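Taken in order, these protein sequences are the chains called A and B.
Start counting the first sequence at 1; every next residue gets the next number (my numbering).
Start counting the second sequence at 1; every next residue gets the next number (my numbering).
Each residue gets a CB set at the ideal place from its N, CA and C atoms; glycine is no exception.
Remember, predicted model here, so these are calculated numbers, not experimental data.
Since the structure comes first, as structure tokens, the remarks are kept for the end.
There are 2 protein chains.
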Amino acid sequence: MVKTIEWKDNTVRMLDQTLLPNKVVYKTYRDYKAVADAITRLVVRGAPAIGVAAAMGVALGALKIKAKDIPTFKKELTKVTQKLAASRPTAVNLFWAIERMERFVEESTTTNVEVLKKKLIAEAKRVLREDIAINKLIGKNGGELIKNNWTILTHCNAGSLATGGYGTALGVIRGAKAAGKKIKVFADETRPVLQGSRLTAWELMEDKIDVTLITDNMAGALMHQGLIDCVVVGADRIASNGDVANKIGTYSVAVLARAHGIPFYVAAPLSTIDTNIKTGEEIPIEERSSTEVTHVQGKRIAPLKCKVRNPAFDVTPAWLVNGIVTEKGVVKAPYKSGIKKLFKK
Amino acid sequence: MVKTIEWKDNTVRMLDQTLLPNKVVYKTYRDYKAVADAITRLVVRGAPAIGVAAAMGVALGALKIKAKDIPTFKKELTKVTQKLAASRPTAVNLFWAIERMERFVEESTTTNVEVLKKKLIAEAKRVLREDIAINKLIGKNGGELIKNNWTILTHCNAGSLATGGYGTALGVIRGAKAAGKKIKVFADETRPVLQGSRLTAWELMEDKIDVTLITDNMAGALMHQGLIDCVVVGADRIASNGDVANKIGTYSVAVLARAHGIPFYVAAPLSTIDTNIKTGEEIPIEERSSTEVTHVQGKRIAPLKCKVRNPAFDVTPAWLVNGIVTEKGVVKAPYKSGIKKLFKK
């Protein structure tokens, strides 16, 4: 399985996903600001992977703090967390991971800054380890929803590359395969950033899972022809009522799936559920640079000065979702109570 | 208004649409085989424009025939029409134009081959002139469906570039504007060949019509936000029951429009209606090269050896269509009788 991100010799090592599938290049980050920039530029992307990167970014920032006492250290660390928190607005795992690291500092009883730094590094590594374990549980729980010989449509990349490893939506696909089921996958290419063609097709091919690439606008026609049995996608943020923010185009896929009577599942860890918000309307949607739409790999494909919209995400209302697959099981409607139950100890 | 195709000094002159919007290059064709190749390679595309190109291709082929008597000339012309008919399978205007030219030859009473050649050239030029006039009627008829201050979504390019001039779907938009209505347009970029970004955005900007480019997967989210009032698209072939074959992704747009209560109109000349077929199931759908999906302007965006589907068209069932705008007026359901009426003299 491809390694998306790791902590190595007091640096963060990440696969540069902007260069896939043409080049497999790992980059080494020694500075939290560079990690924040890497998140913004999509070197690392996918809600859970962003969470891991943010946790490791906090640890990296902590390492460089020169303060000798804990109160000054904490103050310095605020700069680090603020910079990382400003890298992207939609995926809640970013804020979840930063808050987890901040809470860790708050709850720590050590008076030795160097000890605290070591503990923060261990905590960041724990975020990664836990994420992989959670994904495997999601895969196991979601795999049970997939029937033998099904063809599954996925959108964007919610795979190893979007997480610490194994994946959420692709974790479900891997879980179904691990349970001995024969499955096929259609991958939406997912314009504008092409995570489907560049990342999902690539990682499924690496894993020898049968994948066929399509453009986003083909999914409806294939559903109409009866070629798709089920949809599984990831999520960037899920509201308390089950509304799901995910990569732009997810909403269209959900409407099309419902129109064809095809189940539409969302796979995500609890860290993607934002219990602070009631509905999807409260989720901030990032609008990214127009050049993502007007250019592909540096080649211009639209007229100069063309007006563009480029929302990176959309919100799928809970009523279009047939189930949310988490590490604690599959939640079905009514989502409000189901989600509340997930967070009970 | 941009000139898509013209007959000039015994050659066919066409704007090379594969190079837009980066380069505006006109190419001169002296050989019908090169015209057939240009149709296959999408130098010229869009059902009505393909029809004009085919008619001119027949005239070009006729010019080069060395036969001195009409029966031999007719036999030679069969090679020309067969070659042109094999250039693309879905748009029926291709076959309509070829049959029109063949019928013209059949009905001609001249015994002089050189006279017949001149008449065929005149007939090909008439196909172009008529197409522009028909588009203007479509624009006038369809423009009445568009309300002031509406925002219209269109898919692919059914504009000047897809026709002899003025356009079908974009003809409706031009017709609404000509009638004094304030309108805005969202253009789906239309992967894989990007006719929306490369052609529709370009020709609407040339005409100073307010256009915003989006990726195909954004349309649903914009509909959900109430930002789209109506959809207008062209067609490559319409069956007797009103089923519409058009650029891949049209079906998804139609399903999404219906789910949001947004009217979905198809604009096309009678020459796009194939009364020989009962339903859309009989329409052959062209599957094009996988490199259209795996590459954009020569840049690879997918893994090597990635499996791909690339149907160039899909079929929207008549029940999702709110009206078919023709030069003879707007047909609404029930389509079978409405379409039959169109063809009554």
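Beta strand (DSSP E) segment containing M14 of chain B, residue limits = Residue mapping note: residue 14 of chain B aligns to position 14 of the second sequence, counting from 1. 11-15 is the extent of the beta strand (DSSP E) around M14 of chain B.
Check the Cβ-Cβ distances between G139 of chain B and every residue of chain A, and say whether any is below 8 Å.
-> By one-based count along the second sequence, residue 139 of chain B stands at place 139. No, G139 of chain B lies away from the interface with chain A (no Cβ there is under 8 Å from its Cβ).
Which residues in the same chain as A302 of chain A place their Cβ atom closer than 6 Å to its Cβ, once the five residues preceding and following it in sequence are excluded?
-> Residue mapping note: residue 302 of chain A aligns to position 302 of the first sequence, counting from 1. The answer, listed in chain order, is T294.
Comparing the C-beta of S337 of chain A with each C-beta of chain B, is any distance below 8 Å?
-> Here residue 337 of chain A refers to the residue found at position 337 when the first sequence is read from its first residue. So, not an interface residue.
Mind listing the chain A neighbours of Q297 of chain B? Cutoff is C-beta to C-beta under 9 Å, in chain order.
-> The count along the second sequence starts at 1 and reaches residue 297 of chain B at position 297. Within 9 Å Cβ-Cβ: V296, Q297, K299, R300, I301.
Within the segment 194-252 of chain A, note down every full beta strand (DSSP E) run reaching 3 residues or more, in order along the chain.
-> 211-214, 230-233, 237-239, 244-247
Going by Cα to Cα distance, which pick from B:V296, B:V331, B:K307, B:L320 is closest to L19 of chain B?
-> As a position in the second sequence, residue 19 of chain B is number 19, starting the count at 1. Nearest C-alpha to L19 of chain B: B:V296.
C-beta neighbour in chain A for W202 of chain B, strict 8 Å | For the purposes of this step, residue 202 of chain B is taken as the residue at position 202 of the second sequence. Yes - at least one Cβ of chain A is within 8 Å of the one on W202 of chain B.
Out of B:R126, B:V44, B:K74, B:R174, point me to the one whose CA is closest to K140 of chain B's CA.
-> If you number the second sequence from 1, residue 140 of chain B lands on position 140. With distances taken between Cα atoms, K140 of chain B lies closest to B:R174.
In chain A, which residues lie with their C-beta within 7 Å of the C-beta of I214 of chain B?
-> Here the question's residue 214 of chain B lines up with position 214 in the second sequence. Per Cβ cutoff of 7 Å: R309.
With DSSP run on the structure shown, which of helix, strand or coil describes E131 of chain A?
-> Taking the first residue of the first sequence as 1, we reach residue 131 of chain A at position 131. Checking the sequence, you will find Asp at residue 131 of chain A rather than Glu. Here D131 of chain A sits in helix by DSSP.
How would you list, in chain order, the residues of chain B whose beta-carbon sits under 7 Å from the beta-carbon of M205 of chain A?
-> If you number the first sequence from 1, residue 205 of chain A lands on position 205. P303, C306, listed in chain order.
Specify the secondary structure class of R300 of chain A as computed by DSSP and reduced to three states.
-> As a working mapping, residue 300 of chain A is identified with position 300 in the first sequence. Strand, per DSSP.
Under the rule that 16 or more other beta-carbon atoms within 10 Å means buried, what is P71 of chain A, buried or exposed?
-> As a working mapping, residue 71 of chain A is identified with position 71 in the first sequence. Exposed, by the Cβ-count rule.
Best match in A:P192, A:A268, A:E76 for proximity to E102 of chain A [C-alpha to C-alpha] | As a first step, residue 102 of chain A is located in the first sequence; it is residue number 102 there, counting from the start. The shortest C-alpha separation from E102 of chain A is found at A:E76.
As assigned by DSSP and simplified to three states, the class of W96 of chain A | Looking up residue 96 of chain A in the first sequence gives position 96. In the structure shown, W96 of chain A sits in a helix (DSSP, three-state: H, G or I).
Would you call the segment 246-254 of chain B and the segment 200-214 of chain B in contact, with 3 or more CB pairs under 8 Å?
-> no
For the segment 62-90 of chain A, which segments carrying the alpha helix (DSSP H) assignment without a break, of at least 4 residues, lie completely within its bounds, in sequence order?
-> 70-85
Measuring alpha carbon to alpha carbon, tell me which of B:V330, B:A162, B:R309, B:T168 ends up nearest S290 of chain B.
-> Counting from one through the second sequence, the residue named residue 290 of chain B turns up at place 290. Considering only alpha carbons, the answer is B:R309.
Coarse secondary structure for I339 of chain B, derived from DSSP in three states = Counting from one through the second sequence, the residue named residue 339 of chain B turns up at place 339. The answer is helix: DSSP assigns I339 of chain B an H, G or I state.
If we ignore side chains and look at the alpha-carbon of each, how far apart do R88 of chain B and N10 of chain A end up?
-> Locating residue 88 of chain B in the second sequence gives position 88, counting from the first residue. Locating residue 10 of chain A in the first sequence gives position 10, counting from the first residue. Between R88 of chain B and N10 of chain A, the C-alpha separation is close to 60 Å.
Should I5 of chain B and V44 of chain B be called a contact, given that it needs their Cβ atoms to be closer than 8 Å?
-> On the second sequence, position 5 is the one that residue 5 of chain B refers to. On the second sequence, position 44 is the one that residue 44 of chain B refers to. Yes; because the gap between Cβ atoms is below 8 Å, this pair is in contact.
With a threshold of 16 other CB atoms inside 10 Å of the CB of T163 of chain A, please say whether the residue is buried or exposed.
-> For the purposes of this step, residue 163 of chain A is taken as residue 163 along the first sequence, with counting starting at 1. The residue is buried, with at least 16 neighbouring Cβ atoms inside 10 Å.
Based on the DSSP secondary-structure assignment, which residues constitute the bridge partners of K119 of chain B?
-> The count along the second sequence starts at 1 and reaches residue 119 of chain B at position 119. Paired residues: none, contrary to the question.
With a cut-off of 8 Å, do at least 3 Cβ pairs link the segment 255-272 of chain B to the segment 229-245 of chain B?
-> yes
At 8 Å on the CB atoms, spell out the chain A contacts of V293 of chain B, in chain order.
-> By 1-based counting over the second sequence, the position of residue 293 of chain B is 293. Within 8 Å Cβ-Cβ: E189, S197, L213, I214, T215.
Please state whether DSSP places Y166 of chain B in a helix, a strand or coil.
-> Against the second sequence, residue 166 of chain B aligns to sequence position 166. Y166 of chain B falls in the coil class under three-state DSSP.
Under a CB-based cut-off of 8 Å, is N246 of chain A close to chain B?
-> Your numbering for residue 246 of chain A matches position 246 in the first sequence. N246 of chain A does not count as touching chain B.
Close Cβ partners of K117 of chain A (< 7 Å) along its chain, the five nearest in sequence each way excluded | Translated into the one-based positions of the first sequence, residue 117 of chain A becomes position 117. Excluding residues within five positions, the ones whose Cβ falls inside 7 Å are A62, L63.
Opposite W7 of chain A in the DSSP bridges: which residues?
-> Locating residue 7 of chain A in the first sequence gives position 7, counting from the first residue. For W7 of chain A, which the question treats as bridged, DSSP gives the partners A:V12.
What is the C-beta distance between G165 of chain B and I132 of chain B, in whole angstroms, given that I count them as a contact (C-beta under 8 Å)?
-> The residue labelled residue 165 of chain B in the question sits at position 165 within the second sequence. The residue labelled residue 132 of chain B in the question sits at position 132 within the second sequence. Right, the Cβ-Cβ distance comes to about 4 Å (below 8 Å), so this counts as a contact.
Please determine if the segment 170-184 of chain A and the segment 139-158 of chain A are in contact, where contact requires at least 3 C-beta pairs separated by less than 8 Å.
-> yes
Using beta-carbon positions only, say whether K336 of chain A and N241 of chain A come within less than 8 Å of one another.
-> Against the first sequence, residue 336 of chain A aligns to sequence position 336. Against the first sequence, residue 241 of chain A aligns to sequence position 241. Yes.
Looking at C-alpha atoms only, which residue of A:K305, A:D243, A:I262 is the closest neighbour of I283 of chain A?
-> Walking along the first sequence from the start, residue 283 of chain A turns up at place 283. Answer by Cα proximity: A:D243.
What did DSSP end up calling E287 of chain B once you bin it into helix, strand or coil?
-> As a working mapping, residue 287 of chain B is identified with position 287 in the second sequence. Here E287 of chain B sits in strand by DSSP.
If we cut at 8 Å on Cβ distances, does G249 of chain A have a partner in chain B?
-> For the purposes of this step, residue 249 of chain A is identified with residue 249 of the first sequence, where counting begins at 1. Output row for G249 of chain A: interface = yes.
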